[in-house]
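In my numbering, the protein residues as written are 213 to 355.
First comes the structure, then the notes that go with it.
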């Protein structure tokens, strides 16, 4: 495996450049190279989607499988709709709306899209870590 960035230089684990190429040389295929080019914006968009899905899954399990119940969720609007239409439906709709809005921003190439999605990813990281810590303690992975 090798990583090549837009400058043509090979690096090992730096992903903060504009274009990232991930490839593998297949010697048994007579030197052909398989490359996957991912722009930094696409990388941030994919991380945004992954964080949204993880947040949705952890929120669902936190609300339905912990003693805290509805108090596990801090957003009063989501709590209202969880009581009104159900936990599963509320989490799916809320995360779907977030992913759809992020997708519209990405594909319409709205200025500041990269900055907004990057900010949201950085904003969501502590929530993902908090979810993991609370749920691992609940399921007994550590004391």
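Glycine included, every Cβ here is placed at the ideal spot set by N, Cα and C.
Since this is a predicted model, take the numbers as computed values, not measurements.
Practice prompt. Evaluate residue 348 with the Cβ neighbour count: other Cβ atoms within 10 Å of its Cβ, from every protein chain shown; 16 or more gives buried, anything less gives exposed.
Written response: In the chain shown, residue 348 corresponds to position 136, counting from 1. Exposed, because fewer than 16 other Cβ atoms sit within 10 Å of the Cβ of residue 348.
Fill in: Rounded C-alpha distance that separates residue 292 from residue 303
Here residue 292 is taken as the residue at index 80 of the chain shown, counted from 1. Here residue 303 is taken as the residue at index 91 of the chain shown, counted from 1. Rounded to the nearest angstrom, the gap between the Cα atoms of residue 292 and residue 303 is 12 Å.
Worksheet entry | Sequence-distant residues of its chain with Cβ nearer than 6 Å to residue 310 (five each side left out) | Residue 310 sits at position 98 when you count from the first residue of the chain shown. So the qualifying residues of the chain are 264.
Worksheet item: Are the beta-carbon atoms belonging to residue 257 and residue 318 less than 8 Å from one another?
Response: Position 45 of the chain shown, counted from the start, is the residue given in the question as residue 257. Position 106 of the chain shown, counted from the start, is the residue given in the question as residue 318. In this structure, residue 257 sits near residue 318, with a CB-CB distance shorter than 8 Å.
Discussion item. Quick check: the Cα distance between residue 341 and residue 288, rounded to an integer number of angstroms?
Written reply: Locating residue 341 in the chain shown gives position 129, counting from the first residue. Locating residue 288 in the chain shown gives position 76, counting from the first residue. Rounded to whole angstroms, residue 341 to residue 288 spans 21 Å at the Cα level.
Discussion item. Need the endpoints of the alpha helix (DSSP H) that residue 314 sits in, please.
Written reply: Residue numbering aside, residue 314 sits at position 102 when the chain shown is read from its first letter. Counting along the chain, the alpha helix (DSSP H) containing residue 314 begins and ends at 299-319.
Item to complete: Scan the region 324-350 and note each continuous alpha helix (DSSP H) run of 4 residues or more that stays entirely inside, going in chain order.
Response: 325-350
Practice prompt. Give the secondary structure of residue 278 by DSSP, where H, G and I count as helix, E and B as strand, and everything else as coil.
Written response: Along the chain shown, one-based indexing puts residue 278 at 66. Here residue 278 sits in coil by DSSP.
Item to complete: Within the same chain, show all residues whose beta-carbon is closer than 6 Å to that of residue 268, passing over the 5 residues directly before and after it, in chain order.
Response: Taking the first residue of the chain shown as 1, we reach residue 268 at position 56. 303 and 307, listed in sequence order.
Discussion item. Taking 7 Å as the limit between beta carbons, can you name the residues of its chain near residue 281, skipping five residues before and five after?
Written reply: Counting from one through the chain shown, the residue named residue 281 turns up at place 69. 275, listed in sequence order.
Worksheet item: How long is the line joining the alpha carbons of residue 338 and residue 330, rounded to whole angstroms?
Response: Numbered from its first residue, the chain shown carries residue 338 at position 126. Numbered from its first residue, the chain shown carries residue 330 at position 118. If you take the alpha carbons of residue 338 and residue 330, they lie about 14 Å apart.
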